[in-house]
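Residue numbers (my numbering): 40 to 389.
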Ligand code: F2R
Ligand code: MG
Ligand code: MG
Ligand code: MG
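Put into structure tokens, the structure is as follows:
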């Protein structure tokens with residue numbers, strides 16, 4: 040019999056994997072109401088027997104590297120993690136990596152990992168990447184630091200800096216890490232308040248999105264502004280509200296951290312209640328299917344939604360055949376178990 044946290048760790052890991060695998064065929068797709076019907080049928084099929092396994096993409100590949108490095112080093116070792124990212128990229132370069140991040144891998148390898156933080160700083164003329172790549176792989180950090188909030192923020196930021204130095208890229212990873220940690224601490228049978236979930240994130244982001252210039256401008260706290268929109272959208276009533284168009288317009292569905300991390304958090308929370316066009320009693324499936332139905336960066340928004348939802352519900356609520364449709368699901372399960380063993384032995388989680 041698995042402990043509650045064992046189920047939750049597995050749930051979050053397989054959340055990353057199932058969201059990525061099931062979402063990847065729809066990445067960059069503009070999803071219409073016709074496509075949403077196709078998606079309903081496809082998810083029904085995924086709950087049936089497995090004839091063909093779906094390959095995972097960069098989202099799961101990088102998450103796997105983060106987990107493996109934490110397990111092996113029992114700490115966040117940036118050089119080791121950089122080497123794992125690079126090795127995994129050169130072994131399987133066709134996993135759909137972002138076009139910018141590949142330059143980081145090339146420079147890391149070319150410089151023999153002399154200064155592992157330098158290549159990321161040079162991205163986009165020194166501005167750094169604001170892509171969601173640091174957020175999409177952060178789940179193992181939430182598990183590694185599941186009982187320590189300060190450590191969570193520190194390590195979520197540090198792991199980002201290997202590839203993403205733009206504040207949008209880094210803060211997106213911190214926000215995603217916080218959301219997963221919050222889910223890990225909610226009992227799966229508990230009726231929780233979705234507005235309170237967002238309020239907790241808003242309170243925490245106050246200390247992350249510090250108004251360093253003192254100008255009190257909204258753009259100084261961009262994630263805070265998006266989380267306030269998430270709250271407003273959650274307050275809308277009716278199974279078909281808010282509309283897909285409204286969610287995409289306000290929250291976004293693209294590869295930037297700002298317009299994908301709050302979207303994933305919204306999808307997870309919105310799926311606590313029925314959504315028109317999504318026929319399932321399973322709230323995990325509803326969250327995943329809803330996230331993917333927004334199109335755009337569907338694998339990544341699916342994967343980030345899955346990580347948060349899986350951390351809440353645990354593996355028991357993920358339909359087994361959905362898991363079996365995904366490449367390397369046994370390996371992801373094992374990584375979750377190993378990470379729990381390591382996390383339970385760390386003094387900062389005591
Ligand atoms: N890249 C994809 N999918 C499209 C390509 C698929 C592939 N070609 C295929 O078909 O096989 N998906 C994956 O990328 C996203 C995560 O990206 P990450 O790791 O953040 O990468 P990167 O390159 O750093 O950023 C992504 C793009 O964002 C734009 N960008 C970022 N910062 C910018 C800045 N400061 N100025 C201007 N543009 C910036 C660039 O276009 C980057 O290439 C996930 O969706 C993952 O699934
Ligand atoms: Mg991907
Ligand atoms: Mg990346
Ligand atoms: Mg993607």
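Just so you know, even glycine gets a beta-carbon here, dropped at the ideal spot from N, CA and C.
**Request:** Could you have a look at residue 184 and say whether DSSP puts it in helix, strand or coil?
**Result:** coil
**Asked** Is any heavy atom in ligand 4 found nearer than 7 angstroms to the beta carbon of residue 339?
**Response** yes
**Asked** Which whole runs of the alpha helix (DSSP H) in the region 151 to 206 are 4 residues long or more, in chain order?
**Response** 157 to 160, 172 to 175, 178 to 183, 188 to 199
**Item:** Among 46, 218, 246, the one whose alpha carbon lies nearest that of residue 235
**Value:** 218
**Prompt:** With residue 142 and residue 172 assumed to form a contact (beta carbons below 8 angstroms), what rounded beta-carbon distance in angstroms separates them?
**Reply:** Residue 142 to residue 172, Cβ: 12 angstroms. No contact.
**Request:** Check whether the region 264 to 272 touches the region 310 to 318, taking contact to mean three or more Cβ pairs, one atom from each stretch, closer than 8 angstroms.
**Result:** no
**Segment contact flag, the region 141 to 155 with the region 60 to 70, C-beta cutoff 8 angstroms, min 3 pairs** = no
**Message:** Can you give me the C-alpha to C-alpha distance between residue 156 and residue 146, rounded to a whole angstrom?
**Reply:** 11 angstroms
**Message:** As a quick exercise: from 153, 309, 256, 136, pick the residue whose alpha carbon is nearest that of residue 274.
**Reply:** 309
**With 16 other Cβ atoms within 10 Å as the buried cut-off, status of residue 129** = Taking all protein chains shown into account, residue 129 has fewer than 16 neighbouring C-beta atoms within 10 Å of its C-beta and is therefore exposed.
**Item:** Span of the alpha helix (DSSP H), counted from its first residue to its last, around residue 129
**Value:** 117 to 130
**Prompt:** Can you tell me whether residue 71 is buried or exposed, with buried defined as 16 or more other CB within 10 angstroms of its CB?
**Reply:** Classification for residue 71: exposed.
**Message:** Just checking: is the beta-carbon of residue 71 within a distance shorter than 8 angstroms of some beta-carbon in chain E?
**Reply:** Of the protein chains in this structure there is only one, and it is not chain E.
**Asked** Taking one C-beta from the region 357 to 376 and one from the region 90 to 108 each time, how about it: are there three or more such pairs within less than 8 angstroms?
**Response** yes
**Request:** Count the C-beta pairs between the region 191 to 207 and the region 332 to 339 that are closer than 8 angstroms, then say yes if the count reaches three, no if not.
**Result:** no
**Message:** At a cut-off of 7 angstroms, would you count residue 98 as near ligand 4, judging by its Cβ distance to the nearest heavy atom?
**Reply:** yes
**Asked** Is residue 150 buried or exposed, if buried means 16 or more other CB atoms sit within 10 Å of its CB?
**Response** Classified as exposed, residue 150 has fewer than 16 neighbouring CB atoms from the shown chains inside 10 Å of its CB.
**Request:** Apply the 10 Å Cβ neighbour rule to residue 292 and answer buried if 16 or more other Cβ atoms are within range, or exposed otherwise.
**Result:** buried
**Prompt:** In chain order, what residues of the same chain have a beta carbon less than 6 angstroms from the beta carbon of residue 353, not counting five sequence neighbours either side?
**Reply:** 46, 47, 50, 227
**Request:** Tell me whether residue 139 counts as near ligand 2, meaning its Cβ is closer than 7 angstroms to at least one heavy atom of that ligand.
**Result:** It does not: the Cβ of residue 139 is nowhere closer than 7 angstroms to a heavy atom of ligand 2.
**Prompt:** Would you report the Cα separation of residue 261 and residue 322, rounded to the nearest angstrom?
**Reply:** Going by the C-alpha atoms only, they are around 29 angstroms apart.
**Prompt:** Going by Cα to Cα distance, which pick from 98, 148, 119, 191 is closest to residue 221?
**Reply:** 191
**Item:** Residue of 167, 325, 355 minimising C-alpha distance to residue 40
**Value:** 355
**Message:** Three or more C-beta pairs under 8 angstroms: does that hold for the region 276 to 290 against the region 242 to 261?
**Reply:** Contact fails: fewer than three Cβ-Cβ distances are below 8 angstroms.
**Range covered by the alpha helix (DSSP H) that runs through residue 136** = Run containing residue 136: none; DSSP gives neither H nor E here.
**Request:** Pull up the CB-CB distance for residue 105 and residue 345, whole angstroms please, since I reckon it's below 8 angstroms.
**Result:** Not really, about 16 angstroms apart at Cβ, beyond 8 angstroms.
**Request:** Take residue 199 and list the residues in its own chain whose beta-carbon comes closer than 7 angstroms to its own, dropping the five residues that flank it on each side.
**Result:** 173, 208, 209, 212
**Message:** What does the alpha-carbon distance come out to for the pair residue 215 and residue 117?
**Reply:** Computed Cα separation, rounded: 20 angstroms.
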